[in-house]
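In order, the protein sequence lines correspond to chains A and B. According to numbering that gives the first Met the number 0, the first sequence is numbered sequentially starting from 0. According to numbering that gives the first Met the number 0, the second sequence is numbered sequentially starting from 0. A virtual CB, placed ideally from N, CA and C, is assigned to each residue, including glycine. In what follows, a structure is listed as structure tokens, so that the remarks can point back to it.
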Amino acid sequence: MIWRGYSLLALLLASLASGQEKGAILFATHCAPCHGAKGDGGRGSNLAVPKLPRAADDTALSNIVTLGIPGTQMPGTRMTSAENRDLVDYVRALGLTVPAAVEGDPARGETLFNGKGGCRGCHSLGPDLSDIGVRRSISYLRKSLTDPEAEVPESFAVYRRIILMPDNFLMVHVVTAEGRAVTGFRLNEDTFTIQLRDFDGRIYSFDKSELKDLQKLWGKSPMPSYSGVFSDSELTDVVAYLASLRGER
Amino acid sequence: MKLALLFAIVLPAAAQIPYERIRDAAHEPANWLTYSGNYSGHRFSPLRRITPANVARLHPAWLYQTNDLNQFEVSPIVADGVMYISEPPSNAAALDLATGRPFWTYRRAIPSDVHVCCGQVNRGVAVLGERVYLGTLDAHLIALDARTGRVLWDVPVADYKTGYSITAAPLAVKDKIVIGVSGGEYGIRGFIDAYDAQTGKRAWRFWTVPGPGEPGHETWLGETWKTGSAAAWVTGSFDAALNLIYWATGNPGPDYDGNVRPGDNLYSDSLLALDADSGQRRWHFQFTPHDTHDWDANHVPVLFDAEYAGKPRRLIGNANRNGFYYLLDRRTGEFLAGRAYARQNWAKGLDANGRPVMLPGTEPVPAGVVIYPGIHGATNWASSSYSPQTRLLYVAAREEGNTFYRATAEYKPGNYYSAGGMRGIPGVEPSGSVKAIDPLTGQQRWEFPLHTPPWGGLVSTAGGLVFGGTADGYVFALDAANGKPLWRFNAGAPVLSNPISYEFRGKQYFAIAAGRVLFTFTLD
């Protein structure tokens with residue numbers, strides 16, 4: 000009885016809620032865990048931007064909400080068309096907020112990125128950072144520098160209906176029948192074979208039945224922590240540089 | 000005259016598939032006359048030309064490509080030189096077995112407002128007499144002339160605007176065409192229908208959610224039976240001697256919020272034994288009472304005879320989406336044995352009547368609860384295969400859990416009505432396997448690991464092989480005795496279909512759809 004009273008109240012509130020309020024509730028439930036409460040990014044990309052790189056228009060955004068983005072951590076959802084519309088409107092409205100000014104000196108950050116940090120070498124093969132400023136929030140970027148293994152990408156979309164390995168740079172260690180050991184990023188894996196790229200950029204293809212050992216290093220990243228390498232102000236500058244990378248080449 | 004003669008030789012005669020030929024399908028192993036190859040749901044081919052010794056030489060014979068982006072989930076029918084297929088969304092074609100080129104195609108315009116949870120798909124046609132039968136996404140059943148593909152009759156089975164659709168292959172039984180409806184995520188009231196094959200007139204209907212005054216109605220609160228779902232979206236089996244049709248049902252509606260529908264919610268997640276002539280229920284067995292995890296029991300029931308506890312018994316085996324294997328007496332529905340065959344963390348086990356003993360804290364809650372198997376189950380609609388030769392049941396098993404969460408939903412006709420959902424479990428990469436199970440005990444004999452949870456079914460053969468396909472894009476052959484992989488082919492797209500085997504001009508073929516392509520393979 001109590002429950003029924005509550006449900007009636009919830010129903011009444013839901014029916015009174017405007018489209019924007021409904022969108023906010025949907026966002027908090029489905030999106031905020033990855034995209035952040037304000038939509039400014041976390042594990043998921045920053046949605047509080049005027050132009051979403053993956054969704055040129057509302058139809059494209061609506062499709063992403065329904066289908067997810069294959070190969071990424073973005074899953075599909077099952078919503079009614081009205082819910083989908085409310086959510087799309089809400090996400091679009093996020094892009095109207097003026098982003099806070101970024102602290103730090105991006106030019107100095109770039110110098111540190113290429114010099115002292117030695118970041119460029121690995122990131123020419125590892126995760127592409129050319130538009131990372133659009134995809135991730137300031138706090139996420141800083142966390143990635145100080146604790147790289149805090150959030151290693153996962154991505155196993157439940158409704159995956161096409162073959163596409165998640166772009167998650169899973170580290171894999173294999174030992175061949177001859178005893179040769181190779182460690183690298185997984186590029187593809189299926190029931191019978193696995194393909195990987197080592198840290199020097201060489202690619203390999205193995206038949207799994209011919210491997211003596213195959214280890215998947217879940218949660219591991221080859222990236223070192225920069226908390227003892229960069230000073231606090233240097234970290235701020237590197238983050239400012241990363242935040243300036245917006246896919247404009 | 001000469002030309003006419005040539006024509007007659009090249010083009011096969013129109014299908015003449017009386018009921019008796021389907022009933023006695025084992026007598027003509029070259030053909031594949033019904034969805035599962037025989038009425039017993041075995042998906043077993045008595046052909047033996049392809050063997051563990053020569054399967055490594057298997058190569059593509061021809062490919063048939065659909066023109067539709069939806070999943071190609073067909074299980075073909077093969078009869079007298081012609082392959083009859085359905086294609087997404089609700090099309091059909093008759094293909095030349097020699098070349099894979101179409102003799103005819105039937106294309107149906109599907110309204111833009113059809114409601115399907117999981118893709119605009121179709122799993123196959125039925126053939127009876129000189130006709131091909133197809134269920135459609137707009138919930139019609141149609142009869143096509145097997146010679147031309149022309150429509151002979153077209154009857155509405157249900158109103159698609161309220162969430163009904165048809166994705167299953169019909170089952171031709173005697174003079175009737177039996178079909179079940181899809182729509183379990185739309186708050187439909189499920190049913191199984193039989194139509195006169197000749198006229199399209201409905202012969203009987205069995206409501207899978209009982210109405211007022213009917214037995215089982217008491218398992219629903221108030222008006223909840225009206226949106227109780229229990230869809231019947233996978234083809235059933237048939238025992239001619241008992242004159243019983245075995246057909247399984249899906250989840251109760253709404254899927255995840257059980258609070259609004261207290262009770263067992265009959266006949267959701269159940270197996271029904273229906274009289275083939277009247278549609279009357281002889282018995283039922285419910286696998287997952289009061290389901291809140293979307294564990295449809297929509298599998299092809301596997302009928303087999305064996306000695307059990309010292310007596311010859313007519314049995315029925317089912318590796319269920321809920322993670323348990325069940326052995327039942329198919330005359331009475333009596334539960335004989337059962338055990339978990341895949342990872343599960345929701346039940347302590349099954350009691351003496353086969354009812355699951357649920358563990359506390361396993362129901363979906365708003366914050367989410369991690370449960371194995373996940374929403375797609377320990378296996379799904381893709382068929383298992385029973386080999387009377389090895390006496391093993393081969394199951395495409397899924398190793399995938401989910402975080403289930405509960406929400407509230409308001410029923411509106413034609414709207415998605417699930418009251419919750421699920422997410423993947425962070426840090427856990429789902430996988431799968433082909434499992435060989437002793438169907439008398441549910442014990443595993445061997446297992447072949449798959450990188451991804453499978454969506455494709457299996458066919459076993461008297462040649463000693465198990466054929467199947469992976470969600471990561473391979474088709475394969477395993478040794479039926481020990482699961483050793485003997486052949487594989489990268490088809491380049493996930494397999495979401497049921498394979499078959501047939502013979503044409505002295506060669507055995509294996510056929511399976513992957514991506515948008517139907518592949519046929521044979522030896523030199």
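In whole angstroms, what is the alpha-carbon distance linking residue 233(A) and residue 108(A)? Residue numbering aside, residue 233(A) sits at position 234 when the first sequence is read from its first letter. Residue numbering aside, residue 108(A) sits at position 109 when the first sequence is read from its first letter. Linking residue 233(A) to residue 108(A) through their CA atoms gives a straight-line distance of about 7 Å.
Backbone secondary structure at residue 18(B) - three-state DSSP: Locating residue 18(B) in the second sequence gives position 19, where the first residue counts as 1. The answer is helix: DSSP assigns residue 18(B) an H, G or I state.
Cα-Cα, which of 150(B), 149(B), 174(B), 178(B) is closest to residue 156(B)? Residue mapping note: residue 156(B) aligns to position 157 of the second sequence, counting from 1. Checking every option, the nearest Cα to that of residue 156(B) belongs to 178(B).
Member of 140(B), 274(B), 197(B), 371(B) whose CA lies at the smallest distance from the CA of residue 154(B): The residue given as residue 154(B) occupies position 155 in the second sequence. Comparing Cα positions, the closest option is 140(B).
Can you pull out the residues from the segment 414-426 of chain B whose beta carbon lies closer than 8 Å to at least one beta carbon of chain A? From the segment 414-426 of chain B, only 414, 415, 417, 420, 421, 422, 423, 425, 426 have a Cβ closer than 8 Å to chain A.
Using a Cβ-Cβ distance under 9 Å, would residue 376(B) count as near chain A? Against the second sequence, residue 376(B) aligns to sequence position 377. Not one beta carbon of chain A lies nearer than 9 Å to the beta carbon of residue 376(B).
How would you list, in chain order, the residues of chain A whose beta-carbon sits under 7 Å from the beta-carbon of residue 450(B)? For the purposes of this step, residue 450(B) is identified with residue 451 of the second sequence, where counting begins at 1. Those within 7 Å of residue 450(B) in chain A are 188, 189, 190.
For residue 132(A), three-class secondary structure by DSSP: For the purposes of this step, residue 132(A) is identified with residue 133 of the first sequence, where counting begins at 1. Three-state DSSP puts residue 132(A) in a helix.
When you compare only the Cα positions, how much space is there between residue 345(B) and residue 262(B)? By 1-based counting over the second sequence, the position of residue 345(B) is 346. By 1-based counting over the second sequence, the position of residue 262(B) is 263. Taking the CA atoms as reference points, residue 345(B) sits about 18 Å from residue 262(B).
Threshold first: 4 residues or longer. Then list the alpha helix (DSSP H) segments lying entirely within the segment 54-78 of chain B, N to C. Runs of the alpha helix (DSSP H) inside the segment 54-78 of chain B: none found.
Closer than 9 Å to chain B by CB, residue 17(A): On the first sequence, residue 17(A) is found 18 positions in, with the first residue counted as 1. Proximity of residue 17(A) to chain B, defined by a Cβ-Cβ separation below 9 Å, is not satisfied.
Sequence-distant residues of its chain with Cβ nearer than 7 Å to residue 149(A) (five each side left out): In the first sequence, residue 149(A) corresponds to position 150, counting from 1. For residue 149(A), where only same-chain residues beyond five positions count, the Cβ hits under 7 Å are 142.
Within 10 Å of its beta-carbon, does residue 27(A) have 16 or more other beta-carbons around it, so buried, or fewer, so exposed? As a first step, residue 27(A) must be located in the first sequence, where it is residue number 28. Residue burial annotation: residue 27(A) is exposed, with fewer than 16 other C-beta atoms found within 10 angstroms of its C-beta.
Residue 21(A) burial status per 10 Å Cβ neighbour count (16 or more: buried): In the first sequence, residue 21(A) corresponds to position 22, counting from 1. A residue is called buried once 16 or more other Cβ atoms fall within 10 Å of its Cβ, and residue 21(A) is buried on that count.
Since residue 206(A) sits in a beta bridge, which residues does DSSP pair it with? Residue 206(A) sits at position 207 when you count from the first residue of the first sequence. Answer is 192(A).
Thinking just about the alpha-carbon of each residue, which of 110(B), 129(B), 136(B) is nearest to the one in residue 119(B)? Position 120 of the second sequence, counted from the first residue, corresponds to residue 119(B). Residue 119(B) has its Cα closest to that of 136(B), out of 110(B), 129(B), 136(B).
Among 326(B), 343(B), 331(B), 347(B), whose alpha-carbon lies nearest the alpha-carbon of residue 337(B)? The residue given as residue 337(B) occupies position 338 in the second sequence. Nearest C-alpha to residue 337(B): 326(B).
Compare the C-beta of residue 355(B) against all C-beta atoms of chain E and say whether one is closer than 9 Å. The chain labelled as chain E is not found among the protein chains of the depicted structure, namely A and B.
Can you tell me which of the three DSSP states residue 88(B) falls into? Here residue 88(B) refers to the residue found at position 89 of the second sequence. Residue 88(B): coil per DSSP, three-state reduction.
Would you list the one or two residues that DSSP bridges to residue 434(B)? Numbered from its first residue, the second sequence carries residue 434(B) at position 435. As computed with DSSP, residue 434(B) is found in a beta bridge with 394(B), 446(B).
DSSP bridge partner residues for residue 164(B) (one or two, in chain order): Here residue 164(B) refers to the residue found at position 165 of the second sequence. Note: residue 164(B) sits in a beta bridge opposite 181(B).
Any residues in the segment 214-229 of chain A with a beta carbon nearer than 9 Å to a beta carbon of chain B? Which ones, in chain order? Within the segment 214-229 of chain A, those residues whose Cβ lies closer than 9 Å to any Cβ of chain B are, in chain order, 215, 217, 218.
Contact set between residue 487(B) and chain A, taken where Cβ atoms lie within less than 9 Å: Here the question's residue 487(B) lines up with position 488 in the second sequence. By Cβ distance, chain A contributes 190, 191.
Should residue 486(B) and residue 94(B) be called a contact, given that it needs their Cβ atoms to be closer than 9 Å? Looking up residue 486(B) in the second sequence gives position 487. Looking up residue 94(B) in the second sequence gives position 95. Not closer than 9 Å, so no.
Specify the secondary structure class of residue 159(A) as computed by DSSP and reduced to three states. Start at 1 with the first residue of the first sequence, and residue 159(A) comes out as number 160. In this predicted model, residue 159(A) has a pLDDT of only 47, less than 50, meaning its place in the structure is not dependable; the value taken from the coordinates is given anyway. Residue 159(A) falls in the coil class under three-state DSSP.
If you compare alpha carbons, which of 177(A), 215(A), 77(A) is closest to residue 184(A)? The residue given as residue 184(A) occupies position 185 in the first sequence. Comparing Cα-Cα distances from residue 184(A) to each of 177(A), 215(A), 77(A), the minimum goes to 215(A).
First and last residue of the uninterrupted beta strand (DSSP E) at residue 311(B): Position 312 of the second sequence holds residue 311(B). Element bounds for residue 311(B): 310-318.
Any beta-carbon of chain B closer than 9 Å to the one on residue 107(A)? Counted from its first residue, the first sequence places residue 107(A) at position 108. Cβ-Cβ to chain B under 9 Å: no for residue 107(A).
Can you name the residues that DSSP bridges to residue 176(B)? On the second sequence, position 177 is the one that residue 176(B) refers to. In the DSSP assignment, the residues bridged to residue 176(B) are 171(B), 194(B).
Beta carbon of residue 92(B), beta carbon of residue 503(B): below 9 Å? As a working note, residue 92(B) is residue 93 in the second sequence. As a working note, residue 503(B) is residue 504 in the second sequence. No, they are not a contact pair.
Pick from 149(B), 172(B), 138(B), 145(B) that is closest to residue 160(B), judged by C-alpha positions: As a working mapping, residue 160(B) is identified with position 161 in the second sequence. Of the listed residues, the one whose Cα sits closest to residue 160(B) is 138(B).
Whether or not the segment 383-399 of chain B and the segment 418-433 of chain B are in contact is what I'm after, with contact meaning three or more pairs of Cβ atoms, one per stretch, closer than 8 Å; do they touch? Touching, per the Cβ criterion.
Please classify residue 232(B): does DSSP put it in a helix, a strand, or coil? The sequence position of residue 232(B) within the second sequence is 233, counting from 1. Taken through DSSP and simplified to helix, strand or coil, residue 232(B) comes out as coil.
My understanding is that residue 456(B) touches residue 498(B), with C-beta atoms under 8 Å, so please give their C-beta distance in whole angstroms. Taking the second sequence and counting its residues from 1, one reaches residue 456(B) at position 457. Taking the second sequence and counting its residues from 1, one reaches residue 498(B) at position 499. Going by Cβ atoms, the distance from residue 456(B) to residue 498(B) rounds to 6 Å, so yes, they are a contact pair.
So is residue 167(B) buried or exposed if we call it buried at 16+ other beta carbons inside 10 Å? Numbered from 1 along the second sequence, position 168 holds the residue referred to as residue 167(B). So residue 167(B) counts as buried.
Using a C-beta cutoff of 9 Å, does residue 73(A) count as contacting chain B? For the purposes of this step, residue 73(A) is taken as residue 74 along the first sequence, with counting starting at 1. Using a Cβ-Cβ cut-off of 9 Å, residue 73(A) does not count as an interface residue toward chain B, since no Cβ of chain B sits closer than that to its own.
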